[in-house]
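S.K.: Residue numbers (our numbering), protein chains in the order written: chain P, 13 to 292; chain Z, 34 to 151. The beta carbon of each residue, even a glycine, is placed where N, CA and C say it ideally should be.
(1) Would you say residue 15(P) reaches chain Z, if we count a Cβ-Cβ gap shorter than 9 Å as a contact?
(2) Contact criterion: CB-CB distance below 9 Å. Does residue 294(P) meet it with respect to chain Z?
(3) Within this structure, are the beta carbons of residue 142(Z) and residue 149(Z) separated by less than 9 Å?
(4) Buried or exposed: where does residue 13(P) fall if 16 or more other Cβ atoms within 10 Å of its Cβ makes it buried?
(5) Would the beta-carbon of residue 262(P) fall within 9 Å of that of residue 144(P)?
(6) Taking Cβ to Cβ, would you say residue 36(P) is nearer than 9 Å to residue 76(P)?
(7) Consult DSSP for residue 57(Z) and reduce its assignment to one of helix, strand or coil.
(8) Do the stretch 279-286 of chain P and the stretch 51-60 of chain Z meet, that is, are 3 or more Cβ pairs less than 8 Å apart?
(9) Output needed for residue 97(Z): all residues of its chain with C-beta closer than 7 Å, excluding positions within five of it in sequence on either side, in chain order.
(10) Would you give the residue range spanned by the beta strand (DSSP E) that residue 152(Z) belongs to?
(11) May I have the straight-line CA-CA distance separating residue 151(Z) from residue 236(P), to the nearest angstrom?
(12) Opposite residue 276(P) in the DSSP bridges: which residues?
(13) What is the rounded straight-line gap between the Cα of residue 160(P) and the Cα of residue 179(P)?
(14) Quick one, are the C-beta atoms of residue 164(P) and residue 146(P) less than 9 Å apart?
(15) Would you say residue 206(P) and residue 222(P) are within 9 Å of each other, going by their C-beta atoms?
(16) Can you pull out the residues from the stretch 49-83 of chain Z whose beta carbon lies closer than 9 Å to at least one beta carbon of chain P?
(17) Are the C-beta of residue 31(P) and some C-beta of chain Z separated by less than 9 Å?
(18) For residue 248(P) versus residue 94(P), is the C-beta spacing smaller than 9 Å?
(19) Mind pulling the alpha helix (DSSP H) runs of 4 or more residues that sit fully within the stretch 161-210 of chain P?
(20) List the residues of chain Z that residue 263(P) touches, going by C-beta distances under 9 Å, in chain order.
(21) Grab me the residues of residue 276(P)'s own chain with a C-beta within less than 7 Å of its C-beta, minus the 5 sequence neighbours each way, in chain order.
(22) Between the stretch 35-51 of chain P and chain Z, which residues of the former have a C-beta closer than 9 Å to a C-beta of the latter?
(23) Indicate whether residue 9(P) and residue 58(P) have their beta-carbon atoms separated by less than 9 Å.
(24) Would you say residue 285(P) reaches chain Z, if we count a Cβ-Cβ gap shorter than 9 Å as a contact?
(25) On the three-state DSSP scale, how would you describe residue 59(P)?
(26) Per DSSP, what kind of secondary structure is residue 70(Z) in: helix, strand or coil?
(27) If you measure between the beta carbons of residue 251(P) and residue 232(P), is that distance less than 9 Å?
(28) Taking 9 Å as the CB-CB cut-off, is residue 98(P) touching chain Z?
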């Protein structure tokens, strides 16, 4: 029984104290892929956090409560494939503590609009195809593509992607991400991908700060950055927990990176895994 | 990083996740797809997981949600862009009429089955 010392055959064990703690957390979904043929940039993965502003212009969310003996299952989404696939969701899943961020929308090929997602994908160049919508409190919309212009920029967690422009011809810019200081260092996450260039005869847009890909560049891994047009893949997501070192169990799977910041332990999951809040 | 695609009963990709390389390494530092599948099943419950390569080094190309896994040929196939397009021997979708090679720009018109100048 939690909270009680155990006694087996007269040998007393140290009491196991159930530790309930309010912790900081960050969940960034994966960025979307970019489309071909002056395709739109990939939208950034949705960003939700207690440690700073969440995506889409929202305030920080509440702290997460972790309790002794519980398992916290971490899902880290993979970047959306080139050619128009959304990024995958990232999440923390446990009893009473469930957070899911939505994968970034994709910039699509041919004459199609960007898809919706955590942040929206940019529209393709044809007929001014529109950017996809972002998800409330996770990210912004993608920009529109434009005939004789290029692909729209992918939306970011901190700003919308911009529309492609026709004079001078240029792809839309990816929206910037959001700065979060959960690790002890303020870092940008979830930038949108650049809109693709007009058949290479004009510049692509600029990458969104926070891992967004520039022209024909993948999104940066573990940032949730959207892919830069054309035909690249989005950056994978990341999940970070900040726990008092005195309460950290060390009981993890999935090979996360564990660092110390003052009196806190930072668990950075760049791949899926788990944390069990109980001593091994 | 290693990447794994989750398939539904129709071999369609419904999720793609990241797994750290350390999880799938054998003692001799070679990668084991089997270890990745076992790990993911332990984490999320039993499902069909197939490894995919972000750089497209295996199974033709990096898989995304909506792609299909062709078990016979061990490749991932992109979603069909238009109903009239067909798969070629390299598992790429091709239009009924090839893209014009006159240097002009065109977009596909599915209704008329033509490449329209833009």
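M.R.: Concretely, from the data shown:
(1) The residue given as residue 15(P) occupies position 3 in the first chain. Model confidence at residue 15(P) stands at a pLDDT of 39, short of 50, so the residue's coordinates are unreliable and nothing is read from them.
(2) As displayed, chain P neither begins before 13 nor continues past 292, which places residue 294(P) out of reach and without an answer.
(3) Walking along the second chain from the start, residue 142(Z) turns up at place 109. Walking along the second chain from the start, residue 149(Z) turns up at place 116. Yes, Cβ-Cβ distance for residue 142(Z) and residue 149(Z) is below 9 Å.
(4) Sequence index remark: in the first chain, residue 13(P) carries index 1 (1-based). For residue 13(P), the predicted structure reports a pLDDT of 37, less than 50, and the residue's modelled location is therefore unreliable. A value from the coordinates is still provided. The residue is exposed, with fewer than 16 neighbouring Cβ atoms inside 10 Å.
(5) Sequence index remark: in the first chain, residue 262(P) carries index 250 (1-based). Sequence index remark: in the first chain, residue 144(P) carries index 132 (1-based). In this structure, residue 144(P) does not lie closer than 9 Å to residue 262(P) by Cβ.
(6) Here residue 36(P) is taken as the residue at index 24 of the first chain, counted from 1. Here residue 76(P) is taken as the residue at index 64 of the first chain, counted from 1. Closer than 9 Å, so yes.
(7) The sequence position of residue 57(Z) within the second chain is 24, counting from 1. It is helical.
(8) yes
(9) Counting from 1 along the second chain, the entry for residue 97(Z) is found at position 64. Excluding sequence neighbours, residue 97(Z) sits near 46, 49.
(10) Residue coverage of chain Z in this structure runs from 34 to 151, which leaves residue 152(Z) outside it and unanswerable.
(11) Sequence index remark: in the second chain, residue 151(Z) carries index 118 (1-based). Sequence index remark: in the first chain, residue 236(P) carries index 224 (1-based). Distance between the alpha carbons of residue 151(Z) and residue 236(P) is about 34 Å.
(12) Translated into the one-based positions of the first chain, residue 276(P) becomes position 264. Per DSSP, 256(P), 273(P).
(13) Against the first chain, residue 160(P) aligns to sequence position 148. Against the first chain, residue 179(P) aligns to sequence position 167. Rounded to whole angstroms, residue 160(P) to residue 179(P) spans 9 Å at the Cα level.
(14) Mapped onto the first chain, residue 164(P) falls at position 152. Mapped onto the first chain, residue 146(P) falls at position 134. No, the pair does not count as a contact, with Cβ atoms beyond the cut-off.
(15) Within the first chain, residue 206(P) is the residue found at index 194, counting from 1. Within the first chain, residue 222(P) is the residue found at index 210, counting from 1. Not closer than 9 Å, so no.
(16) 49, 50, 51, 52, 53, 54, 55, 56, 72, 73, 75, 76, 77
(17) Against the first chain, residue 31(P) aligns to sequence position 19. Taking Cβ atoms only, chain Z never reaches closer than 9 Å to residue 31(P), which makes this a no.
(18) The sequence position of residue 248(P) within the first chain is 236, counting from 1. The sequence position of residue 94(P) within the first chain is 82, counting from 1. No, Cβ-Cβ distance for residue 248(P) and residue 94(P) is not below 9 Å.
(19) none
(20) The residue labelled residue 263(P) in the question sits at position 251 within the first chain. Going along chain Z, no residue has its Cβ under 9 Å from residue 263(P), so there is no contact; the nearest lies around 14 Å.
(21) Numbered from 1 along the first chain, position 264 holds the residue referred to as residue 276(P). Closer than 7 Å at Cβ, skipping near neighbours: 254, 255, 256, 257.
(22) 42, 45, 49
(23) Residue 9(P) lies beyond the range of chain P shown here (13 to 292); nothing can be said about it.
(24) On the first chain, position 273 is the one that residue 285(P) refers to. With 9 Å as the cut-off, residue 285(P) counts as an interface residue toward chain Z.
(25) Indexing the first chain from 1 puts residue 59(P) at position 47. In the structure shown, residue 59(P) sits in a strand (DSSP, three-state: E or B).
(26) As a first step, residue 70(Z) must be located in the second chain, where it is residue number 37. Three-state result, residue 70(Z): helix.
(27) Your numbering for residue 251(P) matches position 239 in the first chain. Your numbering for residue 232(P) matches position 220 in the first chain. No.
(28) For the purposes of this step, residue 98(P) is identified with residue 86 of the first chain, where counting begins at 1. At least one chain Z Cβ lies under 9 Å of residue 98(P).
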